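First comes the structure, then the notes that go with it.
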Amino acid sequence: MGTLLDFAERLGAYVNQRVSRLGFAARFLWVMLKVSGTSLLRLHLTIREIYFAGVLSLIIVSVSALFVGMVLALQGYDTLVRYGASEAVGTLVALSLVRELGPVIAALLFASRAGSAITAEIGLMKATEQLAAMEMMAVDPIARVVGPRFWGGVVSMPLLAAIFSAIGVFGGYLIAVVLIGVDFGSFWSQMRAAVDWQSDVVNGILKSFVFGIAVSWIAVFEGYDAMPTAEGVSRATTRTVVISALAILMLDFALTAFMFRGN
Amino acid sequence: MMSRKAIDVWVGMFVLASLAALFFLALRVASSSNTFTNGVGYHVQARFENIGGLKTRAPVRSAGVVVGRVDSIQFDNESFEAVVTLSLDKNFAFPKDTSAKVLTSGLLGEQYIGLMAGGDMANLKDGDTIKITQSAIVLENLIGQFLYSKASGDDEPSPQAR
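Going down the list, the protein sequences come from chains A and B. Position 159 of the first sequence, counting from 1, maps to 448 under this note's numbering, and the rest follow consecutively. Position 4 of the second sequence, counting from 1, maps to 23 under this note's numbering, and the rest follow consecutively.
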């Protein structure tokens with residue numbers, strides 16, 4: 290009896306703590322959106338964050354995209370050639386990249402490359418009391434520090450996903466057409482016949498936009514909420530990557546179920 | 020620390036690169052299959068006994084060229100037939116006695132509607148119904164007919180039996 294009550298108490302405390310943290314995160318988002326006007330008016334702050342989050346992620350995103358596209362083409366060809374449908378490898382590569390892998394892998398890379406950096410930066414600013422110093426100087430740290438990082442991430446994510454999909458398709462082309470020798474014309478024409486601009490490409494970009502909001506929100510919140518110690522910052526950085534990855538995969542499932550329910 | 024101008028240049032190039040990627044996706048990878056399914060075409064209906072695995076948005080072909088899309092598929096509970104609404108490109112007109120068939124492209128391919136033009140002087144208009152239709156070939160029925168004709172004393176011996 291005693292252990293059961295103990296267990297219930299601990300479970301209740303755990304759930305309470307999680308829910309109140311979620312509520313705090315939602316209120317944080319609301320406060321940030323309210324002061325976003327000022328952080329967007331000083332556009333160079335946001336552009337600077339687009340540089341750090343987006344431009345500096347370009348290399349890892351492009352290289353991963355190239356290899357993902359090439360692996361897809363190799364594996365797809367291996368299976369499709371058994372059914373005599375090796376020309377469909379372009380369709381396979383393009384559809385899987387544009388619908389799923391482009392947004393999802395770009396978001397995972399973005400979370401680990403840029404999200405963790407944002408968390409560490411804001412967490413360290415908090416630990417070294419820079420945020421408190423800003424408040425002393427009547428500068429709102431949420432408008433000056435958090436807002437630009439959030440919007441920089443939201444803007445960068447769809448752009449990175451579009452680049453990922455395009456480079457991935459090019460990687461698939463390199464393997465399928467240049468290396469294996471699938472017919473050039475049918476590779477592109479079957480791809481074009483199967484991929485629809487509205488329901489595939491635009492939906493993929495929409496997905497990456499949602500991921501961008503989720504990852505940036507998690508990153509700035511974890512940084513702002515970090516314990517102001519060295520250990521606290523390191524924990525917050527880890528949490529950003531883990532929670533972002535889980536959020537991306539779960540959101541992807543929900544969005545896919547919503548967008549691609551067949552005809 | 021980089022100057023503000025250098026950062027602006029890099030971000031501008033980043034945005035340009037992603038726009039180029041979008042253009043590539045739009046022009047090379049994807050196509051808008053619904054160029055004439057939203058409003059800029061005319062609709063005709065066709066009734067089939069059996070449509071097999073036909074789906075909405077399947078192509079409508081005449082002489083192999085895509086001239087429209089399947090708009091909707093409904094079931095008529097009085098005649099127990101499938102009512103297929105076709106959306107055809109305004110640029111193509113077909114005679115009133117055009118016939119429609121449910122066909123399959125390739126062995127494992129998708130099903131589509133084939134239109135065979137007739138000889139009538141008047142053309143199909145929006146809201147018309149195609150009178151002559153031919154249903155999809157269902158593999159099970161075909162095998163059934165084949166077995167039935169074998170069993171009923173079709174005494175031509177097969178090459179293996181000889």
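C-beta atoms are modelled at their ideal positions from N, C-alpha and C, and glycine is treated no differently. Because the structure is a prediction, the values reported are computed rather than measured.
Whether residue i touches residue j by CB criterion (8 angstroms)
i	j	result
V484(A)	A383(A)	yes
G470(A)	G358(A)	no
V530(A)	G404(A)	yes
E68(B)	E100(B)	yes
V378(A)	A465(A)	yes
A77(B)	T152(B)	no
G441(A)	E338(A)	yes
A141(B)	F113(B)	no
F399(A)	V499(A)	no
L107(B)	V79(B)	yes
G365(A)	L355(A)	no
M321(A)	F439(A)	yes
K120(B)	D139(B)	no
V86(B)	I149(B)	no
Rounded C-alpha distance that separates residue i from residue j
i	j	result
T417(A)	P517(A)	8 angstroms
E389(A)	F341(A)	25 angstroms
A406(A)	L329(A)	21 angstroms
F55(B)	L73(B)	Per-residue confidence for F55(B) stands at a pLDDT of 49, beneath the threshold of 50, marking its modelled position as unreliable; no derived number is given.
I156(B)	F111(B)	27 angstroms
L134(B)	S81(B)	5 angstroms
M425(A)	D295(A)	44 angstroms
V490(A)	A49(B)	7 angstroms
N57(B)	K109(B)	The pLDDT assigned to N57(B) is 48, lower than 50, so where the model puts this residue is not dependable; a value taken from the coordinates is nonetheless given after this. Their Cα atoms are separated by approximately 12 angstroms.
L361(A)	G291(A)	56 angstroms
S523(A)	I507(A)	15 angstroms
A421(A)	L463(A)	53 angstroms
Y61(B)	S154(B)	23 angstroms
E298(A)	V434(A)	39 angstroms
L293(A)	R402(A)	43 angstroms
S346(A)	S497(A)	15 angstroms
R528(A)	A451(A)	27 angstroms
L363(A)	Y372(A)	15 angstroms
I162(B)	I70(B)	18 angstroms
G83(B)	Q130(B)	13 angstroms
E511(A)	Y303(A)	18 angstroms
N552(A)	I411(A)	Unreliable placement is indicated for N552(A), whose pLDDT of 44 sits below 50; no coordinate value is reported for it.
V350(A)	F453(A)	6 angstroms
V352(A)	L46(B)	23 angstroms
I132(B)	F476(A)	25 angstroms
A374(A)	Q479(A)	11 angstroms
F542(A)	L143(B)	45 angstroms
K323(A)	D147(B)	56 angstroms
V30(B)	L105(B)	47 angstroms
L318(A)	Q419(A)	21 angstroms
N160(B)	I348(A)	58 angstroms
T117(B)	L369(A)	38 angstroms
E376(A)	D472(A)	7 angstroms
K164(B)	L122(B)	Sequence check: residue 164(B) is Gln here, not Lys. When rounded, the distance between both Cα atoms is 19 angstroms.
R316(A)	M21(B)	35 angstroms
S168(B)	S488(A)	47 angstroms
P437(A)	R23(B)	15 angstroms
A455(A)	L386(A)	9 angstroms
M414(A)	R310(A)	21 angstroms
D514(A)	L35(B)	35 angstroms
S171(B)	L468(A)	56 angstroms
V393(A)	S533(A)	11 angstroms
Integer Cβ distance of residue i from residue j, believed to fall under 8 angstroms
i	j	result
I26(B)	I336(A)	6 angstroms
V344(A)	F33(B)	5 angstroms
G493(A)	G326(A)	Wrong, their Cβ atoms sit about 30 angstroms apart, outside the cutoff.
Heavy atom of the ligand PLP within 7 angstroms of residue i beta-carbon
i	result
R88(B)	The ligand PLP is not part of this structure, which contains no ligands at all.
What residues from the segment 469 to 488 of chain A come within 8 angstroms of chain B, judged by C-beta to C-beta, listed N to C?
W477, M480, R481, A482, V484, D485, W486 and Q487
Specify whether the segment 81 to 93 of chain B and the segment 42 to 49 of chain B touch according to this definition: at least 3 beta carbon pairs, one from each stretch, less than 8 angstroms apart.
no
Positions along the segment 329 to 340 of chain A whose CB lies within less than 8 angstroms of some CB in chain B
H333, I336, R337, I339 and Y340
For the segment 442 to 460 of chain A against the segment 527 to 547 of chain A, are there 3 or more C-beta pairs whose distance is under 8 angstroms?
no
Mind listing which residues of the segment 485 to 509 of chain A have their C-beta closer than 7 angstroms to chain B's C-betas, in chain order?
D485, W486, Q487, D489 and V490
Between the segment 430 to 437 of chain A and the segment 532 to 543 of chain A, can you find at least three pairs of beta-carbon atoms closer than 8 angstroms?
no
Within 8 angstroms of chain B by C-beta, residues of the segment 343 to 362 of chain A in sequence order
G343, V344 and L347
Compile a chain-ordered list of the residues in the segment 446 to 458 of chain A whose CB is closer than 7 angstroms to at least one CB of chain B.
L448, A451, I452, S454, A455 and V458
Please list, in chain order, the residues of the segment 386 to 404 of chain A that have any C-beta partner in chain B closer than 8 angstroms.
V387
When you check each C-beta in the segment 24 to 44 of chain B against every C-beta of chain A, which residues fall closer than 7 angstroms?
I26, D27, W29, V30, F33, V34, A36, S37, A40, L41, F43 and L44
What residues in the segment 372 to 383 of chain A have a beta carbon less than 7 angstroms from any beta carbon of chain B?
A383
May I ask you to list, following chain order, the residues of the segment 160 to 174 of chain B that have a beta carbon less than 7 angstroms from some beta carbon of chain A?
none
Going along the chain, which residues of the segment 130 to 156 of chain B sit with their C-beta nearer than 8 angstroms to a C-beta in chain A?
none
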